[in-house]
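Residue numbers (the working numbering): 107 to 190. Here the structure is laid out as structure tokens; the discussion comes afterwards.
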Amino acid sequence: MNLHHAPDPHLPMLNLPQAERLRSLTAAYFLARHGTHTTVTGDAVRLQDGLSPLSNLAQRCRRSAEHDWPRIVEQHFAGLENSS
Numbered sequence: 107m108n109l110h111h112a113p114d115p116h117l118p119m120l121n122l123p124q125a126e127r128l129r130s131l132t133a134a135y136f137l138a139r140h141g142t143h144t145t146v147t148g149d150a151v152r153l154q155d156g157l158s159p160l161s162n163l164a165q166r167c168r169r170s171a172e173h174d175w176p177r178i179v180e181q182h183f184a185g186l187e188n189s190s
């Protein structure tokens, strides 16, 4: 197995490039939606009120085509924001 296909140590349902893309899309969502830079590391995004795990989102992305990931990320976090 080459490094490209190795599972991410924090989000093992994704390979390394996929996990980095998910983290990047998550950061981009918060920048676009709120104008804030967030810290996205490992398996969570740090928000003002604590950490938000990425594991459920990663599972959902894993089952979807990568071109759908930006929409999935937006729906995920918008849903969380609307429920609070």
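Each residue gets a CB set at the ideal place from its N, CA and C atoms; glycine is no exception. The structure displayed is predicted, hence computed values, not measured ones.
Rounded straight-line distance, which links the Cα of residue j to that of residue i
i      : j      : result
Ile178 : Val151 : 16 Å
Thr135 : Asn188 : Correcting the residue identity first, residue 135 is Tyr in this sequence and not Thr. If I take the Cα positions, the gap works out to 15 Å.
Glu126 : Asp174 : 16 Å
Ala184 : Met119 : 23 Å
His139 : Gln181 : Note on identity: in this sequence residue 139 is Arg, with His being the wrong assignment. One C-alpha to the other measures close to 12 Å.
Thr144 : Leu153 : 7 Å
Cys167 : Val146 : 16 Å
Cβ distance (whole Å) where residue i is taken to contact residue j below 8 Å
i      : j      : result
Gly148 : His116 : 4 Å
Buried/exposed call for residue i, threshold 16 Cβ in 10 Å
i      : result
Arg169 : exposed
Asp114 : buried
Thr132 : buried
Gln124 : buried
Test item: CB-CB of residue i and residue j under 8 Å
i      : j      : result
Ala191 : Leu128 : Past the edges of the chain, shown from 107 to 190, lies residue 191, and the structure says nothing about it.
Ser158 : Leu186 : yes
- [ ] Just list the beta strand (DSSP E) runs in the segment 160-188, keeping only unbroken ones of 3 residues or longer that don't cross its boundaries, in chain order.
- [x] none
- [ ] Let me know the beta strand (DSSP E) ranges lying completely inside the segment 120-164, each 3 residues or longer, listed in chain order.
- [x] 145-147, 150-153 and 156-159
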